[in-house]
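S.K.:
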Amino acid sequence: MAKMKEGNMPNAHLHELFVDELKDILGAERQLLKGLKKMAASAGSEKLRTAFETHYQQTEGQIERLRAVFESLGMTARGKKCKAMEGLLAEADELIEEFQDSPEVLDAALIAAAQKVEHYEIASYGCVVTYASLMEHTEAKELLGQTLAEEKETDELLTEIAMSEANVSETA
78 MAKMKEGNMP NAHLHELFVD ELKDILGAER QLLKGLKKMA ASAGSEKLRT
128 AFETHYQQTE GQIERLRAVF ESLGMTARGK KCKAMEGLLA EADELIEEFQ
178 DSPEVLDAAL IAAAQKVEHY EIASYGCVVT YASLMEHTEA KELLGQTLAE
228 EKETDELLTE IAMSEANVSE TA
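Going by this note's numbering, the first residue of the sequence shown is number 78, and it counts up by one from there.
Below you can see the structure in the form of structure tokens.
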């Protein structure tokens with residue numbers, strides 16, 4: 078879809094916010110790659126480690142999708158530092174340090190930290206999908222919607238791992 082002049086675009090008042098949010102999400106996804114490597118290396122459960130490694134690969138694809146969204150808008154993909162992701166990953170680092178000597182707690186802590194990240198991403202992608210829809214950026218809406226679905230699936234997988242092994246005592 079060629080870039081529309083803002084005056085001819087439905088709900089053009091959202092365009093600047095939409096682009097700013099896309100830059101923030103692109104920055105967040107790039108920051109997350111480093112965090113996922115560290116979380117995967119810290120996970121005790123093979124299932125959890127695999128989930129983090131899989132999400133790392135998904136995140137690389139999500140970055141490519143974001144580049145395609147920028148391209149569909151006739152723009153160069155540029156991210157900005159996401160302060161929210163920076164804080165969420167700093168919190169994950171603190172948990173890793175605090176519970177590294179308690180493997181039975183560390184996986185539960187990692188899942189909690191990862192789900193906070195997922196919920197932030199779900200909220201962020203939910204907003205940009207809505208903005209894309211309102212501005213009739215059909216290609217952007219489709220691409221961002223695919224990522225939103227992946228983020229929700231990852232959150233559900235983390236919940237399943239938490240309930241099946243990480244949050245459950247083996248002596249119960």
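Glycine included, every Cβ here is placed at the ideal spot set by N, Cα and C.
For G104, name the three-state secondary structure that DSSP assigns.
M.R.: What you label residue 104 is simply residue 27 of the sequence shown in a count that begins at 1. Of the three classes helix, strand and coil, the one that applies to G104 here is helix, per DSSP.
S.K.: In this structure, does DSSP put L221 in helix, strand or coil?
M.R.: Counted from its first residue, the sequence shown places residue 221 at position 144. In this structure, L221 counts as helix in the three-state DSSP scheme.
S.K.: Measuring straight from C-alpha to C-alpha, what distance separates Y208 and P180?
M.R.: Reading the sequence shown from its first residue, position 131 is the one you call residue 208. Reading the sequence shown from its first residue, position 103 is the one you call residue 180. Taking the straight line from one Cα to the other gives about 42 angstroms.
S.K.: Go through its chain and collect everything with a Cβ distance to F176's Cβ below 7 angstroms, but skip five positions before and after it.
M.R.: Reading the sequence shown from its first residue, position 99 is the one you call residue 176. Around F176: V182, L183, A186.
S.K.: Taking a contact to mean a Cβ-Cβ separation below 9 angstroms, would you say A154 touches L143 in this structure?
M.R.: Here residue 154 is taken as the residue at index 77 of the sequence shown, counted from 1. Here residue 143 is taken as the residue at index 66 of the sequence shown, counted from 1. Cβ distance < 9 angstroms, so A154 and L143 count as in contact.
S.K.: Measuring alpha carbon to alpha carbon, tell me which residue in F95, E123, L165 is nearest E106.
M.R.: Translated into positions along the sequence shown, residue 106 becomes position 29. Selected option, being the one with the closest Cα: L165.
S.K.: For E228, which residues of its own chain have a beta-carbon under 7 angstroms away from its beta-carbon, when the five flanking residues on both sides are left out?
M.R.: Walking along the sequence shown from the start, residue 228 turns up at place 151. Closer than 7 angstroms at the Cβ level, and outside the excluded window around E228, lie E195, E198, I199, Y202.
S.K.: Can you tell me the Cβ-Cβ gap for G112 and A189, rounded? I've got them flagged as a contact below 8 angstroms.
M.R.: Locating residue 112 in the sequence shown gives position 35, counting from the first residue. Locating residue 189 in the sequence shown gives position 112, counting from the first residue. In fact, because the Cβ distance is near 14 angstroms, the residues do not count as touching under 8 angstroms.
S.K.: Where do the N-terminal and C-terminal ends of the alpha helix (DSSP H) with K124 fall, by residue?
M.R.: Numbered from 1 along the sequence shown, position 47 holds the residue referred to as residue 124. Its alpha helix (DSSP H) spans residues 123-149.
S.K.: When you compare the CB positions of S119 and E242, do they come within less than 9 angstroms of one another, or not?
M.R.: Taking the sequence shown and counting its residues from 1, one reaches residue 119 at position 42. Taking the sequence shown and counting its residues from 1, one reaches residue 242 at position 165. No, they are not a contact pair.
S.K.: Excluding the 5 residues preceding and the 5 following L91 in the sequence, name in chain order all residues of the same chain whose CB lies nearer than 7 angstroms to its CB.
M.R.: Against the sequence shown, residue 91 aligns to sequence position 14. So the list reads Y208, L211, M212, once near-sequence residues are dropped.
S.K.: Three-state secondary structure (DSSP) at E175?
M.R.: Taking the first residue of the sequence shown as position 1, residue 175 is located at position 98. It is helical.
S.K.: So, A217 versus L150, is the Cβ gap smaller than 9 angstroms?
M.R.: Residue 217 sits at position 140 when you count from the first residue of the sequence shown. Residue 150 sits at position 73 when you count from the first residue of the sequence shown. Taking 9 angstroms as the Cβ cut-off, A217 and L150 qualify as a contacting pair.
S.K.: Which residue wins for smallest C-alpha separation from M116, given the options G104, K157, A145, Q192?
M.R.: As a position in the sequence shown, residue 116 is number 39, starting the count at 1. The candidate whose alpha carbon is nearest that of M116 is Q192.
S.K.: What is the rounded straight-line gap between the Cα of E93 and the Cα of Q139?
M.R.: For the purposes of this step, residue 93 is taken as the residue at position 16 of the sequence shown. For the purposes of this step, residue 139 is taken as the residue at position 62 of the sequence shown. Taking the straight line joining both Cα atoms gives about 21 angstroms.
S.K.: Leaving out the 5 sequence neighbours to the left and right, which residues in its chain are closer than 8 angstroms to T136 when beta-carbon positions are compared?
M.R.: As a working mapping, residue 136 is identified with position 59 in the sequence shown. These residues qualify, in order along the chain: E106, L109, L110, L113.
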